[in-house]
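Following: one structure in structure tokens, then a few remarks.
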Amino acid sequence: MAAIESYVGQTVNGLKVLKLLPRNASGDFKYWLRCPCKEEFSGGVYNVINGNTKSCGCGAGRKSRYERMPDDKLIAAYTENESERVKITAALVARRLQLPELKNAERIL
Ligand SMILES: [Zn+2]
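Residue 112, in the working numbering, is where the sequence shown stops; the numbers in between run on with no holes.
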């Protein structure tokens with residue numbers, strides 16, 4: 004509970020988490036969210052945190068910020084940002100960039 008509340012006020016995968024909605028009849032937790040397109044909508048907490056929900060349905064956020072980064076910045080991000088490494092690796096692999104330190108990438112994915 005505390006963990007999911009900690010996302011309120013933060014931006015997760017491009018979505019601004021405005022509030023945690025009261026538990027619905029089926030017992031699911033949902034957030035009230037603001038999409039990058041400014042539309043507000045509700046989304047299941049776990050889908051938001053996992054990155055399955057990235058927009059209100061308008062298609063915003065289809066590409067991660069790593070997918071939009073130039074190659075050199077992406078490579079720098081890989082070495083600097085360990086917590087985001089899975090996403091960065093996905094972006095690198097999508098571009099077929101070959102890096103010595105990516106030898107383990109296939110195991111991560
Ligand atoms: Zn939207």
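Virtual Cβ for every residue (Gly too), placed ideally from N, Cα, C. It should be emphasised that the depicted structure is a prediction, and the values quoted were computed from it without experimental measurement.
Out of C59, I91 and P39, point me to the one whose CA is closest to G47's CA. On the sequence shown, residue 47 is found 44 positions in, with the first residue counted as 1. For the residues C59, I91 and P39, the minimum Cα distance to G47 belongs to C59.
Pick helix, strand or coil for K76, following the three-state DSSP scheme. One-based indexing of the sequence shown puts residue 76 at position 73. Of the three classes helix, strand and coil, the one that applies to K76 here is helix, per DSSP.
Roughly how many angstroms lie between the CA atoms of P103 and K66, to the nearest whole one? By 1-based counting over the sequence shown, the position of residue 103 is 100. By 1-based counting over the sequence shown, the position of residue 66 is 63. Bear in mind that a pLDDT of 49 at P103, under 50, signals an unreliable position, so the number given afterwards is only what the model happens to contain. Taking the straight line from one Cα to the other gives about 25 Å.
Closer than 7 Å is what we want: which residues have a beta carbon that near any heavy atom of ligand 1? List them in chain order. C38, P39, C40, E42, S58, C59, G60, C61 and A63
Would you grab the beta carbon distance between A80 and M72 for me? Rounded to a whole angstrom, and I think it's under 8 Å. Position 77 of the sequence shown, counted from the start, is the residue given in the question as residue 80. Position 69 of the sequence shown, counted from the start, is the residue given in the question as residue 72. Between M72 and A80 the Cβ distance is about 7 Å, and since that is below 8 Å, they are a contact.
Do three or more CB pairs link the segment 29-43 to the segment 79-96 at distances below 8 Å? no
Taking buried to mean at least 16 other C-beta atoms within 10 Å of its own C-beta, is A94 buried or exposed? Your numbering for residue 94 matches position 91 in the sequence shown. Counting Cβ neighbours within 10 Å, A94 comes out buried, since at least 16 surround it.
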